Amino acid sequence: MTIDLHTHSDFSDGTDSPAQLMAAARDAGLTTLAITDHDTTAGWKAAERDRPPELTLVRGAEWSTHLVTGGDRVSVHLLAYLFDPADRALAAELDRLRADRAERGMAIVDRLVADGIPISREQVREIAGDAAIGRPHIGRALVSTGLVASVTEAFGSYLSWHGPYFVRKEDTDLHAAIGLVRGAGGVPVIAHPRSRGAARVLDQAVLADLRDDGLAGIEVDHPDHTPQARAELREIAGRLGLIGTGASDYHGGNKALRIGQDRSTEDAVEAIVAASSGATPLLGPAA
Ligand code: AMP
Ligand code: ZN
Ligand code: FE
Ligand code: FE
């Protein structure tokens, strides 16, 4: 099997609809794909409906969380797989995060507009549609002004977290999020633990604590990870008994990445399925 466990559709900040996302996966030779939009399960229905028959679908989400250790507060992304999307506590928290994304997105737009950048709230709302709003949607508006050539370029300037227009978004305490995912029968896996920010706090001791709290796995192979980071994370996963996953974090046209460019093993998927009780495990041929 050829497996990608972390991708975004246009229900968050990817550019492909779930149907296009799954077709892209199939065309790239993948057999198993996880849809993991930011802070929402709204794309699951379309994914279930439009799934190409030969593709196995893993339903998930990428949750915005934070971790406080030693006086440091860092943003951590938590992948959650195969949880019950109707779980009241989990759904209420994701609702809260999405509501804040909408407000925070508009606050960033207001700051840009106040500085004379010719975009508007209406334009960004139209670009985002029903999606959980993220900076890439604002990035597309910036591209349309001609001020930047790509969303990635916008992230290097106007959208940078240390730039003057940045507004922080709400997130969930990581320990609480892990509890909510497990409570909904799902499987929590830390996304790209060696990306900027989180890398300085997610050492083996912290990951061991999180495992004791219910963390099931860590993303080992991810485009943000150097070969050294991958080797280190593979070792940590082995030592701590965590599932090690791999994925592209594909965002369609919003990020220069190929779907399936990093991948997971069959063992990782089996371990995720074995640990889940929240949703029909897999949909498709491998189910
Ligand atoms: P936000 O969730 O609104 O804070 O925006 C962060 C999201 O933008 C993350 O999901 C990233 O995957 C995406 N992102 C981060 N850097 C870039 C980049 N250079 N180009 C395109 N998308 C990016
Ligand atoms: Zn994203
Ligand atoms: Fe992420
Ligand atoms: Fe992601």
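Residues in the sequence shown are numbered consecutively from 97, following our numbering.
We put the beta carbon where it would ideally sit given N, CA and C, even for glycine.
A quick note: this is a predicted structure, and the numbers were derived from the prediction, not measured.
_DSSP bridge partner residues for P284 (one or two, in chain order)_ = Partner(s): A176.
*Would the stretch 297-308 and the stretch 163-173 be scored as touching if the rule is three or more Cβ pairs under 8 Å?*
The answer is yes - the stretch 163-173 touches the stretch 297-308, with three or more Cβ pairs under 8 Å.
*asked:* Quick check: does the Cβ of G230 come within less than 6 Å of any heavy atom belonging to ligand 1?
replied: Relative to ligand 1, G230 has its C-beta within less than 6 Å of a heavy atom.
*Near A224, which residues of its chain fall below 6 Å by C-beta distance, leaving aside the five closest residues on each side in sequence?*
Only H233 meet the Cβ criterion.
_Which residues neighbour ligand 4 when neighbourhood means a C-beta less than 5 Å away from any of its non-hydrogen atoms? List them by chain order._
Matched residues: E158, D345.
*Cβ-heavy atom distance between D109 and ligand 2 below 6 Å?*
D109 has its Cβ nearer than 6 Å to a heavy atom of ligand 2.
*Keeping to the same chain, check which residues put their C-beta closer than 6 Å to that of E315; ignore five residues upstream and five downstream.*
Once the five neighbours on either side are set aside, the close Cβ partners of E315 are A287, H288, T341.
*Residues near L243 by beta carbon distance below 6 Å, same chain, minus five either side*: Around L243: no qualifying Cβ.
_Are the CB atoms of L151 and M97 within a distance shorter than 7 Å?_
No.
_Nearest-angstrom Cβ-Cβ length linking V170 and A333, presumed shorter than 8 Å_ = In this structure V170 does not touch A333 by the C-beta definition: roughly 20 Å separates them, more than the 8 Å allowed.
*asked:* Once the 5 residues before and after T137 are set aside, which same chain residues still bring their CB inside 6 Å of it?
replied: Here the set comprises A157, P181.
*Can you tell me which of I131, P319, S291, D146 puts its alpha carbon nearest to the alpha carbon of R354?*
Nearest neighbour of R354 by Cα position, chosen from I131, P319, S291, D146, turns out to be P319.
*Which one of S108, A237, V277, V263 has the shortest CA to CA distance from R184?*
Of the listed residues, the one whose Cα sits closest to R184 is V277.
_Below 6 Å, is the gap between the Cβ of H347 and the nearest heavy atom of ligand 3?_
No; taking the cut-off as 6 Å, the Cβ of H347 has no heavy atom of ligand 3 nearer than that.
*Would DSSP call H271 helix, strand or coil?*
Helix at H271.
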